[in-house]
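Colleague: After the structure tokens below, expect a handful of questions from me.
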């Protein structure tokens, strides 16, 4: 499929604490490198807060949306934590 | 690039003039001229390489003298050199180049020209290594990792860059694809009917290029799919009339000759004129010095154009003075995700990461390369960051490993008043933190995955979504 045609797009749907949904195109292979799922970054102020470790976690859940004919199911998901340096 | 086009066509032209006789030369001149008048497009380069490879497929029945052998080996050298140069013009051309070499070597082996097969293969490898050394200024050892990276980039392109067709464009593209396949298939059947392996092989080379070129535009679902169809028609016509010429040499019918000489070039002109109407022509309207003006302006012309370019870029990006004053012009800098022209405009010292623009980090390996770069002591001392991305993607998920490394090695400094750019500075004495596994499970698509609550740390989700056999 990938060589002669193209796969269908896969997406990630993010549910925020206030109930809002954010849906983005997702490249499945990059998921192997660890997606930051503590906070959804909407602007540079959010990014500043994450770098300063002074933010509130606001992602409740995620859903991967893709074609089960194109990708293998079920797939593994692992969650890892990195402790804050500043110890907040 | 223009020079390469001229070289390729001069070479192909001289070969076919020789092969088909001198009296039919002018239609070839017309075709070559029309092609040269077009804006160079790097998707066309493999096509030219395919045409350039034809002398290997159609060797003249010459008496093997020393001079004839020297000419033949020179042809092999030129073809090998052009094919070796091809992958350096675009990452994805590595596939075309390898397929070309495989087809040519198989053809030579089938024709029992084993020595020629080994020679072409060897010349190609030597040329590739020489071009790498000259172009990169690096040693032979670094060529293999470079080659490996090119395969990684090419392998990730389709999934990363594909766009879904909208309802309105889907039908058009579908019709185009049918036309495209019908044209290629028809020509292939035509050559198969001649039962001559030379012609089938000769068509196989541009067919590979045309398929891959069309596919890349098909993946993006953009206007290039339309323009590339022009190249398909053009190639089909080019081959058609080469075959007709081949016949004419034997039959010599003036009426056929007139038809080929007048009708085919006319069609080629129509197709190539249509090309600009279909959106393939770039509108270049700038204030830079043209070639004649450059000659008149003398040695200062280069710096004049550079200054003008910087001025234009500064007017475009228009960083506010307060933000600009935060940036240390003497320190090494990189920019995320892609505005590298900004660095040039403001005279910053660019220290580029391996994947120059983040959207092109198509695979986890490429992201890991960038992450590794930012872990080194030689990484840029400051970073300019914006949150732009393409195709409804989310910038943090474009390069997740790189983002995690930046969290450890850079600190926020300031942002521009319009909220578009932020400045980050490299931390002193960076400590890269270890992961702690929180939980793991298996999920299916559309299933809700709850994020564990961890108030005193960043949480990262690792997935292993692999393509199935059909998806590969």
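Residue numbers (this note's numbering), protein chains in the order written: chain Z, 53 to 140; chain X, 21 to 492.
Backbone N, C-alpha and C define an ideal beta-carbon position, used for all residues, glycine too.
(1) Helix, strand or coil: which one does DSSP assign to residue 354/X?
(2) Closer than 8 Å, CB to CB, is residue 117/Z near chain X or not?
(3) Is the CB of residue 72/Z under 8 Å away from at least one CB in chain X?
(4) I need the straight-line Cα distance from residue 180/X to residue 382/X, nearest angstrom please.
(5) In this structure, how does DSSP classify residue 374/X when only helix, strand and coil are distinguished?
(6) Decide if residue 492/X is buried, meaning its Cβ has at least 16 other Cβ atoms within 10 Å, or exposed.
(7) Three or more C-beta pairs under 8 Å: does that hold for the segment 455–465 of chain X against the segment 64–78 of chain Z?
(8) Output needed for residue 170/X: all residues of its chain with C-beta closer than 7 Å, excluding positions within five of it in sequence on either side, in chain order.
(9) Using the rule of at least 16 other Cβ atoms within 10 Å of the residue's Cβ for burial, across every protein chain shown, is residue 497/X buried or exposed?
(10) Closest to residue 154/X by C-alpha separation, out of 105/X, 201/X, 482/X, 207/X, would be which residue?
(11) Considering residue 462/X, what are the terminal residues of the beta strand (DSSP E) in which it resides?
(12) Does the Cβ of residue 252/X lie closer than 7 Å to at least one heavy atom of the ligand FMN?
(13) Under a Cβ-count criterion, where at least 16 other Cβ atoms within 10 Å of its own Cβ denotes burial, should residue 398/X be classed as buried or exposed?
(14) Taking the alpha-carbon of residue 388/X as reference, which of 420/X, 182/X, 488/X, 466/X has the nearest alpha-carbon?
(15) How about residue 103/X and residue 120/X: are their beta carbons less than 8 Å apart?
(16) Is DSSP giving residue 149/X helix, strand or coil here?
(17) Can you pull out the residues from the segment 104–115 of chain Z whose beta carbon lies closer than 9 Å to at least one beta carbon of chain X?
(18) State the DSSP-derived secondary structure class of residue 89/X, mapped to helix, strand or coil.
(19) Between residue 16/X and residue 353/X, what straight-line distance do the alpha-carbon atoms span, to the nearest angstrom?
(20) Determine, for residue 456/X, whether the minimum Cβ-Cβ distance to residues of chain Z falls below 8 Å.
(21) Listing by chain order, which chain X residues have their CB less than 7 Å from the CB of residue 68/Z?
(22) Which residues mark the beginning and the end of the alpha helix (DSSP H) in which residue 235/X is found?
(23) According to DSSP, which residues form a beta bridge with residue 212/X?
(24) Just the Cα atoms here: how many angstroms apart are residue 80/Z and residue 210/X?
(25) What's the C-alpha gap between residue 363/X and residue 410/X?
(26) Would you kindly report the start and end of the unbroken beta strand (DSSP E) that includes residue 76/Z?
(27) Give a yes or no on contact between the segment 478–491 of chain X and the segment 83–100 of chain Z, applying the rule of three or more CB pairs nearer than 8 Å.
(28) To which residues of the same chain is residue 76/Z closer than 6 Å at the C-beta, ignoring the five residues directly before and after it?
(29) Near residue 402/X, what residues of its chain come up, given a Cβ to Cβ distance below 6 Å and the 5 sequence neighbours on each side ignored?
(30) Does residue 390/X have its Cβ less than 8 Å from a Cβ in chain Z?
(31) Among the residues of its own chain, which have a CB less than 7 Å from the CB of residue 182/X, if the five just before and after it don't count?
(32) Can the beta-carbon of residue 442/X be found closer than 8 Å to that of residue 435/X?
(33) Considering only the alpha carbon of each residue, which of 339/X, 336/X, 172/X, 377/X lies closest to residue 356/X?
(34) Which residues in chain Z sit within 8 Å of residue 474/X, going by Cβ to Cβ distance?
(35) For chain Z, check one thing: does any of its Cβ atoms lie closer than 8 Å to the Cβ of residue 135/X?
(36) When you compare only the Cα positions, how much space is there between residue 116/Z and residue 424/X?
Modeller: Straight from the coordinates:
(1) Walking along the second chain from the start, residue 354/X turns up at place 334. It is a strand residue.
(2) For the purposes of this step, residue 117/Z is identified with residue 65 of the first chain, where counting begins at 1. Interface criterion met: the Cβ of residue 117/Z is under 8 Å from a Cβ in chain X.
(3) Along the first chain, read from residue 1 onward, the residue named residue 72/Z stands at position 20. No - not a single Cβ of chain X is within 8 Å of the one on residue 72/Z.
(4) Numbered from 1 along the second chain, position 160 holds the residue referred to as residue 180/X. Numbered from 1 along the second chain, position 362 holds the residue referred to as residue 382/X. When rounded, the distance between both Cα atoms is 5 Å.
(5) Along the second chain, read from residue 1 onward, the residue named residue 374/X stands at position 354. Judged by DSSP in its simplified three-state form, residue 374/X adopts coil rather than helix or strand.
(6) By 1-based counting over the second chain, the position of residue 492/X is 472. It is exposed - the Cβ of residue 492/X has fewer than 16 other Cβ atoms within 10 Å.
(7) In short, these stretches do not touch, since the Cβ pair count stays below three.
(8) Numbered from 1 along the second chain, position 150 holds the residue referred to as residue 170/X. Answer for residue 170/X: 107, 111, 114, listed in chain order.
(9) Residue 497/X cannot be examined here, being either before or after the span of chain X that is shown, 21 to 492.
(10) The residue labelled residue 154/X in the question sits at position 134 within the second chain. When each option's Cα is compared against that of residue 154/X, the closest is 105/X.
(11) Here residue 462/X is taken as the residue at index 442 of the second chain, counted from 1. Its beta strand (DSSP E) spans residues 456–463.
(12) Looking at this structure, you won't find the ligand FMN or any other ligand, since it has none at all.
(13) Your numbering for residue 398/X matches position 378 in the second chain. Classification for residue 398/X: exposed.
(14) Here residue 388/X corresponds to residue number 368 of the second chain, with the count starting at 1. For the options 420/X, 182/X, 488/X, 466/X, the alpha carbon positioned closest to that of residue 388/X is the one of 420/X.
(15) Position 83 of the second chain, counted from the start, is the residue given in the question as residue 103/X. Position 100 of the second chain, counted from the start, is the residue given in the question as residue 120/X. In this structure, residue 103/X lies near residue 120/X, with their beta-carbon atoms less than 8 Å apart.
(16) As a working mapping, residue 149/X is identified with position 129 in the second chain. If DSSP states are grouped into helix, strand and coil, residue 149/X belongs with the helices.
(17) Listed in sequence order: 104, 105, 108, 109, 111, 112, 113, 114, 115.
(18) Residue numbering aside, residue 89/X sits at position 69 when the second chain is read from its first letter. Under the three-state reduction of DSSP output, residue 89/X falls in the helix class.
(19) This structure leaves residue 16/X out entirely; chain X is present only between 21 and 492.
(20) Taking the second chain and counting its residues from 1, the one referred to as residue 456/X is at position 436. Nearest CB-CB separation between residue 456/X and chain Z: below the 8 Å threshold.
(21) The residue given as residue 68/Z occupies position 16 in the first chain. Contact note: residue 68/Z does not reach chain X at a C-beta cutoff of 7 Å; the least C-beta distance is about 11 Å.
(22) The sequence position of residue 235/X within the second chain is 215, counting from 1. Unbroken alpha helix (DSSP H) run through residue 235/X: 217–240.
(23) The residue you call residue 212/X lines up with position 192 of the second chain. Beta-bridge partners of residue 212/X (DSSP): none assigned.
(24) Position 28 of the first chain, counted from the start, is the residue given in the question as residue 80/Z. Position 190 of the second chain, counted from the start, is the residue given in the question as residue 210/X. Rounded to the nearest whole angstrom, the C-alpha separation of residue 80/Z and residue 210/X is 42 Å.
(25) Stepping through the second chain from its first residue, residue 363/X is reached at position 343. Stepping through the second chain from its first residue, residue 410/X is reached at position 390. Each residue's Cα considered, the two are about 21 Å apart.
(26) As a first step, residue 76/Z is located in the first chain; it is residue number 24 there, counting from the start. Per DSSP, the unbroken beta strand (DSSP E) holding residue 76/Z starts and ends at 73–77.
(27) Yes, the segment 478–491 of chain X is in contact with the segment 83–100 of chain Z.
(28) Working through the first chain from its first residue, we reach residue 76/Z at position 24. Only 64 meet the Cβ criterion.
(29) Locating residue 402/X in the second chain gives position 382, where the first residue counts as 1. Excluding sequence neighbours, residue 402/X sits near 351, 353, 445.
(30) One-based indexing of the second chain puts residue 390/X at position 370. No, because no Cβ of chain Z sits closer than 8 Å to the Cβ of residue 390/X.
(31) Along the second chain, read from residue 1 onward, the residue named residue 182/X stands at position 162. The beta carbon of residue 182/X is closer than 7 Å to those of 239 in its chain, skipping five residues each way along the sequence.
(32) Counting from one through the second chain, the residue named residue 442/X turns up at place 422. Counting from one through the second chain, the residue named residue 435/X turns up at place 415. Yes, they are a contact pair.
(33) Taking the second chain and counting its residues from 1, one reaches residue 356/X at position 336. Ranking 339/X, 336/X, 172/X, 377/X by Cα distance to residue 356/X puts 377/X first.
(34) Residue mapping note: residue 474/X aligns to position 454 of the second chain, counting from 1. Result: 90, 109, 133.
(35) Within the second chain, the letter at position 115 stands for residue 135/X. Taking Cβ atoms only, chain Z never reaches closer than 8 Å to residue 135/X, which makes this a no.
(36) Here the question's residue 116/Z lines up with position 64 in the first chain. Here the question's residue 424/X lines up with position 404 in the second chain. Going from the Cα of residue 116/Z to the Cα of residue 424/X covers about 21 Å.
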